[in-house]
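Worksheet: the structure to be examined is printed underneath.
Residue numbers (this note's numbering), protein chains in the order written: chain A, 15 to 383; chain B, 575 to 981.
Here's what the structure looks like:
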């Protein structure tokens, strides 16, 4: 019997090879390879991730009764990260620990990762392939949590890694929730003067504030050719929600860009890997539909309440199977809704949780503008 | 002058009761024609819709209307003429004028009750009707009973600002909705007009240890609670949103939870689950699986089925608010009323009604501290008597203005 260290190293070796292969050549994983590695990692997690193993046992899945397919791997509800340390190892030895967002109850969770190198390799591969397929050296304007302020933010860490590896320069323009608009505009004008392309990496909510600031100043800023925006995060937990189409329309208008220069990233702290819109790699336009694509070691299942995979074209809840979650849990169930198509995943929305309804919501109908 | 100002109150009451009696007949053609539309609008199954219509229209009787009016105004006659109010004063309850009722989308016929009491007060009434046209159909039947009702009782449908009626033209506005939504409606209401707001509310159940003496009693309570849960898919302000069960009874809370789960499944035979959208399904499945994870790791319990058609969670963390999902309920085991109060305060839950199984005053006192408007028993949460004050407000008194005459 191999030791934990040996087993982990072998799995990581397989994962690094897949990541590197796809990063370099774009070579996908076929179904058999994905299935085989998924079941290997699942078996490993049953052995070393005690809370997940107990959950699986309650569903009748044990080392003696393993699922026959990756589709049948029990997904762990993402809320479980708030309940227990979901890890195959002692979290005290985690190289990375990211905090999940607090809910309305104010209770956050943590995603512990044993090896930062795997996280880094996975995120850079995805970012390169989906955000930077033309290999530009961009100046990054980060409107995401600054990792020097918030070390536990996976988004901040991700952009810090991207900037360290790919940026010709970078700046951070959020302090808490405050948008540092004057430094942003000053630095932006320098880049515009130089005519060098940039990337604005921002949460949707930060972009709304940015547009507010531009509107107040009546500013329209034509970004240099090749510039792009990475939008992420949606409006979860925010009282103010702007329709994504409206947001993108105004970004295009204010920054003199086209819709295919805006890429929405979809990720969650409980995952190691990320989805991106296919707008920069697609061979054909989406005609208003944004398809999400992922690196080959990350697959989504759209499921009904019974957990079974729904046919393509049907709306259901998303279950993510991320092989790079080797040291936590590879199958994560969310409340996010999506539809699977041959071309990719279409995200329906990430909204606030259920709320008190009582007699009615009719007053909102009355005042709808 | 309103359309009904010259009509005797007793005649109005009779007309309303007669129209309701016709609608209480399950074979009454206008009611039958509405069923599919109500099912389509609400997503509830036909048995639930039929039950709701029965509950609504069987409760609207002449005696119930007269009793409610007499309780609030002193007498029905006060609506027609000056009557003695005190030794030195006479009073006459005149209609406040035009009343607008902004009706509900989550439950069935919510607008009808304030509308009929406003009509009893001889007001002109406009109801913002739902897509199913229930109020419009009922008002048609009313007009057949009493001709001036054709003018006094109107139902219209509108969806947005542009085609909405101007609320400043009304002398009272009744609205149902969230606090934010109601605030916006209030802004559009004339300064002189009372705004009768029914904000979002929840209802809770409380089972004292003395009520869990034996399994037979526990089984009955479970059946009653299950009915309160499943009706209207847990969407109404009178649905069961949290259930507190005291420890220390002969039947342990864990056993009660098992009985409750069985009772929910049985209740689903009479009231099958309604249609759910993908988001509700996703939330239910996620809540069920998280509860299963907790149970597997040693905390609480979960009762559900493969399709998550219902969900009963035993002892989720106190930090977790009610799920507000169809047929989903947390059973919280407690030592006594203070623990229940702490939970309700922690989540700032506005409680409309509290169904109690138990005999101790301290339970009712806790409910009073929590601002409960109605106390009842399990199994009756969803069947409020017509005379009950909804949201702590009177039924008819807010639709009249008192004219006094010194004797």
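Where is the CB? At the ideal position from N, CA and C, for every residue including glycine.
Setting aside the 5 residues that flank it on each side, residue 770 of chain B is surrounded in the same chain by 748 and 972, each with a C-beta closer than 6 Å to its C-beta; the list follows chain order.
For residue 908 of chain B, the enclosing beta strand (DSSP E) has its first and last residue at 902-908.
Shown here, residue 780 of chain B sits in a strand according to DSSP, grouped into three states.
By the rule that beta-carbons nearer than 7 Å mark a contact, residue 863 of chain B touches chain A. Judged by their CB atoms, residue 239 of chain A and residue 212 of chain A are not nearer to each other than the 7 Å cut-off.
Between residue 667 of chain B and residue 653 of chain B, the C-beta spacing is below 7 Å. DSSP assignment within the region 193-249 of chain A yields the following whole beta strand (DSSP E) runs of 3 residues or more, N-terminal first: 212-217 and 242-246. When the five nearest sequence neighbours on each side are left out, the beta carbons in the same chain lying within less than 7 Å of the beta carbon of residue 833 of chain B are those of 792, 793 and 796, in order along the chain.
In its chain, beyond the 5 residues on either side, 617 have a beta carbon closer than 7 Å to the beta carbon of residue 849 of chain B. Annotation: the continuous beta strand (DSSP E) that includes residue 746 of chain B extends over 746-751. In the three-state reduction of the DSSP assignment, residue 976 of chain B falls in the strand class. Within chain A, the residues placing a beta-carbon under 7 Å from that of residue 858 of chain B are 319, ordered along the chain.
Closer than 7 Å at the C-beta level to chain A, one finds these residues of the region 870-885 of chain B: 870, 871, 880, 881 and 882. Against chain A, the beta carbon of residue 855 of chain B has neighbours under 8 Å at 318, 319, 330 and 331, listed in chain order. Note: residue 127 of chain A is bridge-paired with A/110 in the DSSP secondary-structure output. In this structure, A/61 is the residue among A/61, A/297 and A/92 with its C-alpha nearest to the C-alpha of residue 19 of chain A.
With a cut-off of 8 Å on Cβ pairs, the region 607-616 of chain B is in contact with the region 705-714 of chain B, counting three or more such pairs. Taking a cut-off of 8 Å for Cβ pairs, the region 583-594 of chain B and the region 684-697 of chain B touch, as three or more such pairs fall below it. As computed with DSSP, residue 186 of chain A is found in a beta bridge with A/156. According to DSSP, residue pairing for residue 875 of chain B in a beta bridge involves B/888. Proximity of chain A to residue 914 of chain B at the Cβ level (cut-off 8 Å) is not reached, the minimal Cβ distance being about 18 Å. Between the alpha carbons of residue 16 of chain A and residue 102 of chain A lies a gap of roughly 15 Å. In this structure the region 876-886 of chain B does not lie against the region 772-786 of chain B, because fewer than three pairs of beta carbons, one per stretch, are closer than 8 Å. Using a CB distance cut-off of 7 Å, residue 831 of chain B does not count as an interface residue toward chain A. The C-beta distance from residue 55 of chain A to residue 344 of chain A rounds to 5 Å, short enough to meet the 8 Å contact threshold. The residues 175, in chain order, have a CB closer than 6 Å to that of residue 134 of chain A in the same chain once the five nearest residues on each side in sequence are set aside.
Using a Cβ-Cβ cut-off of 7 Å, residue 65 of chain A counts as an interface residue toward chain B, since at least one Cβ of chain B sits closer than that to its own.
Distance from the CA of residue 773 of chain B to the CA of residue 739 of chain B, rounded to the nearest whole angstrom, comes to 21 Å.
The contact set of residue 347 of chain A on chain B, defined by CB atoms closer than 7 Å, consists of 860 and 863 in chain order. DSSP places residue 594 of chain B in the uninterrupted alpha helix (DSSP H) bounded by 583-598.
Within a 10 Å sphere around the beta-carbon of residue 942 of chain B sit fewer than 16 other beta-carbons, which makes this residue exposed.
Between the region 128-148 of chain A and the region 20-33 of chain A, the count of C-beta pairs closer than 8 Å reaches three or more; the two stretches touch. For a cut-off of 8 Å, the C-beta gap from residue 170 of chain A to residue 290 of chain A is around 18 Å, too long to register as a contact. Near chain B, meaning a CB-to-CB distance below 9 Å, the residues of the region 71-86 of chain A are 71, 72 and 73. Taking 7 Å as the threshold, the shortest C-beta distance from residue 711 of chain B to chain A does not fall below it. The secondary-structure analysis by DSSP pairs residue 312 of chain A across a beta bridge with A/336.
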